């Protein structure tokens, strides 16, 4: 197994899939000559040429529309949105076209496109380049929403996304792009809808997405020194959602803390909490479910304020202490 | 501060309790978990453990007095602590908070919520439901006064039981409680400790079928106050008589009359004579004097015991009794007795003589009021007219329900049986 960074794992997944299937191609702003805003696609233009690694105009509407059109006509596009914040401009093509076509054509149309985008704060990129908008996307029937947190997961899940015949929104976590992890060199995929228990524990379940998986694991190690045994669950895909693993864990621990970077109001955490309340885990809850999430404000430009706007390790540690 | 002990509320319907016994008096020292008093509710007697270690500072209610639930009944604390003012203050607080309820043997603030509702987590509610515990009496330890699952699980056991369980490493969830509402008491944990020792573990099977019926019947019968009279009988005459009648009866019926058959014959005659006292059945609503003399005979089976009944035994000859007894015994051993053949008894004869038993204390076969135990027949030296002579002797053990039969009446009846056995011509 090789030790790869998260973004190297993303690149490797795209390269392997493009070598495997000539219909797979990459498009987006500065993905070619520049190698992508975060350097994810460095070297890919050299290997695959301009036909398959296409720089586009600065228009997310065009990127999403072109990807949807190409997908319907038999290609398997990987479209990159430079910052997930810009998905707003791509929404019509994504929500009203890509997400609806298979349904409206009675299953006769396939839309095998992947919309990759880095999300989240932590880089001092201010309010228009730091948002976590996954809740907008999980609300749309017809879209699959993936949110990997580790190099291993991102490679396996991106391959699954590329091979899926439906539009997949693939949210990469920009603050973990340079985090390293072990990634197998052989071809592997990770199925959608299977959560990963990142740490086994018995006292409290912490359900976290994206960078919050890492912060929760860090918090868990600190809490372990106090004798508190935390279980950390990473759903990996929000749609489809692995309810079973979560419910099983909550039945075991009786306590649930949901951690995400996105604003608390209308966030995915509310959906998770509701799923647990409606499940057989309800009768095993021994404390109210708690959400640790971003404040309901735009992300500040000032780095210190930015930090205080989203959950940090200490916030998770304190929340667990209060609950146990 | 002194710990207050309230009259515990042991069930949702309990409103008051009676103090039966104080095991300690004021000034005595007591340890947490030690039994302090016994109370009587409308259903049961219950021992109450001390909620704290210290000295019994005050006992507020005398033995025999009735107290409302949740009213203070005693204080435990350090010697010299002032209880009077504390007591008055507490009483005042109690009056202001009529909804507050107390826990058994512990006095703790309970979970209070809005509108008399209380705060309990879903898990606590589930455990309470499964364990049939009234959540209102469970002291909360969760944030904001919430009852959480562990509170309910702990509530299942008395403080002393919890301590022993912790010391001995016993998982309380696996202990079956025998206290009120299935509460785990000290003895239950000790029992669990014993059972956990593999050396003392055997194969266990639940009681079923005949065993269960016997077990239930024995518990019921044992409730009667029992007395047993023993008397030794000279059996020379009966031994002689039996020898004489064997050939004829055996020829006609194919069966030899046993000593037991002869004793049934004798008992039946005595029963007819003492019908008004002995030939009776005691029911909850009164004593039934039975017209028929129906004598049951205990028959041991490999897996239990049955008592087939020889109906109207006083009207039957020895030969008829012999025939009937053999039939019933054979059917009993084949498990083919009809319900009718096992009911209607007014008296029972049980014989352990063949096992070498001399005397024993049979349990009355309720609702009958007397049972005759027959011991072994044995040659013994007896002093007669200043001389030692050898005689065949046999012991009879008559157990009776003292509610229905007096000691003298039972003695008279047993003496009559002895007379008839020693002078069998009276049978004619």
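Protein chains in written order, with the working numbering: chain A, 1 to 324; chain B, 1001 to 1428. Using N, Cα and C, we set each Cβ at its ideal position, and we do this for glycine too. Quick caveat, the model's predicted, so the values are computed rather than measured.
Since I believe residue j is in contact with residue i (beta carbons under 8 Å), could you give me their beta-carbon distance rounded to a whole number of angstroms?
i: residue 29 of chain A; j: residue 117 of chain A; result: Contact doesn't hold; Cβ gap of about 11 Å is too wide.
i: residue 1014 of chain B; j: residue 1041 of chain B; result: 5 Å
i: residue 287 of chain A; j: residue 323 of chain A; result: 5 Å
i: residue 4 of chain A; j: residue 12 of chain A; result: 7 Å
i: residue 269 of chain A; j: residue 291 of chain A; result: 4 Å
i: residue 38 of chain A; j: residue 18 of chain A; result: 19 Å between Cβ atoms; not a contact.
i: residue 261 of chain A; j: residue 313 of chain A; result: Not really, about 13 Å apart at Cβ, beyond 8 Å.
i: residue 1050 of chain B; j: residue 1036 of chain B; result: 5 Å
i: residue 144 of chain A; j: residue 183 of chain A; result: The pair is not a contact, with the Cβ atoms about 22 Å apart (cut-off 8 Å).
Within 10 Å of its beta-carbon, does residue i have 16 or more other beta-carbons around it, so buried, or fewer, so exposed?
i: residue 1097 of chain B; result: Unreliable positioning characterises residue 1097 of chain B in this predicted model, as indicated by a pLDDT of 38, which lies under 50. The coordinate reading is nonetheless provided below. Exposed, because fewer than 16 other Cβ atoms sit within 10 Å of the Cβ of residue 1097 of chain B.
i: residue 136 of chain A; result: buried
i: residue 1416 of chain B; result: buried
i: residue 1350 of chain B; result: buried
i: residue 1261 of chain B; result: buried
i: residue 958 of chain B; result: In the structure as shown, chain B starts at 1001 and stops at 1428, and residue 958 of chain B therefore has no counterpart that could be examined.
i: residue 1325 of chain B; result: buried
i: residue 1082 of chain B; result: exposed
i: residue 253 of chain A; result: buried
i: residue 1162 of chain B; result: buried
i: residue 212 of chain A; result: buried
i: residue 198 of chain A; result: buried
i: residue 325 of chain A; result: Because chain A spans 1 through 324 in this model, residue 325 of chain A falls outside it and cannot be assessed.
i: residue 1348 of chain B; result: buried
i: residue 1135 of chain B; result: buried
i: residue 1428 of chain B; result: exposed
If you follow the alpha helix (DSSP H) that residue i is in, where does it begin and where does it stop?
i: residue 985 of chain B; result: Outside the displayed span of chain B (1001 to 1428) sits residue 985 of chain B, for which this structure offers no information.
i: residue 1281 of chain B; result: Unbroken run through residue 1281 of chain B is the beta strand (DSSP E), 1280-1283; no alpha helix (DSSP H).
i: residue 6 of chain A; result: 6-20
i: residue 1259 of chain B; result: 1259-1273
i: residue 1346 of chain B; result: From DSSP, residue 1346 of chain B is part of no alpha helix (DSSP H); its letter is neither H nor E.
i: residue 1169 of chain B; result: No alpha helix (DSSP H) contains residue 1169 of chain B, which DSSP labels as neither H nor E.
i: residue 1207 of chain B; result: Taken as a continuous stretch (DSSP letters only), residue 1207 of chain B belongs to no alpha helix (DSSP H), as it is neither H nor E.
i: residue 214 of chain A; result: 211-224
i: residue 282 of chain A; result: First-last for residue 282 of chain A: undefined, no H or E at that position.
i: residue 1427 of chain B; result: Here residue 1427 of chain B belongs to no alpha helix (DSSP H), and DSSP marks it neither H nor E.
i: residue 1297 of chain B; result: That residue, residue 1297 of chain B, is in no alpha helix (DSSP H); its beta strand (DSSP E) goes 1295-1297.
For residue i, would you say it is in contact with chain B, using Cβ-to-Cβ distances shorter than 7 Å as the test?
i: residue 315 of chain A; result: no
i: residue 268 of chain A; result: no
i: residue 254 of chain A; result: yes
i: residue 286 of chain A; result: yes
i: residue 207 of chain A; result: no
i: residue 283 of chain A; result: yes
For chain A, check one thing: does any of its Cβ atoms lie closer than 7 Å to the Cβ of residue i?
i: residue 1147 of chain B; result: no
i: residue 1122 of chain B; result: yes
i: residue 1126 of chain B; result: yes
i: residue 1095 of chain B; result: A caution first: residue 1095 of chain B carries a pLDDT of 40, below 50, which makes its placement in the model unreliable, though a value can still be read off. So no, residue 1095 of chain B is outside the interface.
In the DSSP assignment, the beta strand (DSSP E) including residue i goes from what residue to what residue?
i: residue 1308 of chain B; result: Counting along the chain, residue 1308 of chain B falls outside any beta strand (DSSP E), and DSSP gives it neither H nor E.
i: residue 1399 of chain B; result: 1387-1401
i: residue 260 of chain A; result: 256-263
i: residue 207 of chain A; result: 204-208
i: residue 292 of chain A; result: 290-294
i: residue 1005 of chain B; result: 1003-1006
i: residue 28 of chain A; result: 24-28
i: residue 199 of chain A; result: 196-199
i: residue 1242 of chain B; result: Taken as a continuous stretch (DSSP letters only), residue 1242 of chain B belongs to no beta strand (DSSP E), being part of the alpha helix (DSSP H) at 1236-1253.
*Pair every Cβ in the segment 195-207 of chain A with every Cβ in the segment 25-39 of chain A, then say whether three or more of these pairs are closer than 8 Å.*
no
*Do the segment 66-86 of chain A and the segment 124-133 of chain A touch if we need at least three Cβ pairs shorter than 8 Å?*
yes
*Pairing CB atoms from the segment 1272-1288 of chain B with CB atoms from the segment 1408-1424 of chain B, are three or more of them under 8 Å?*
yes
_Stretch pair the segment 1307-1319 of chain B + the segment 1336-1347 of chain B: three plus CB contacts closer than 8 Å_ = yes
*asked:* For the pair the segment 1201-1221 of chain B and the segment 1373-1393 of chain B, tell me if three or more CB-CB distances fall below 8 Å.
replied: no
*asked:* With a threshold of 8 Å, are at least 3 pairs of Cβ atoms found where one atom belongs to the segment 1178-1194 of chain B and the other to the segment 1341-1361 of chain B?
replied: no
*Inspect the CB distances between the segment 42-56 of chain A and the segment 103-112 of chain A and report whether three or more fall short of 8 Å.*
no
*Using 8 Å as the threshold, is the segment 1122-1141 of chain B in touch with the segment 1152-1166 of chain B, meaning 3 or more CB pairs across them?*
yes
*Are the segment 1240-1253 of chain B and the segment 1398-1405 of chain B touching by the rule of at least three beta carbon pairs closer than 8 Å?*
no
*Could you say if the segment 291-307 of chain A and the segment 1122-1129 of chain B meet the contact criterion of at least three C-beta pairs nearer than 8 Å?*
no
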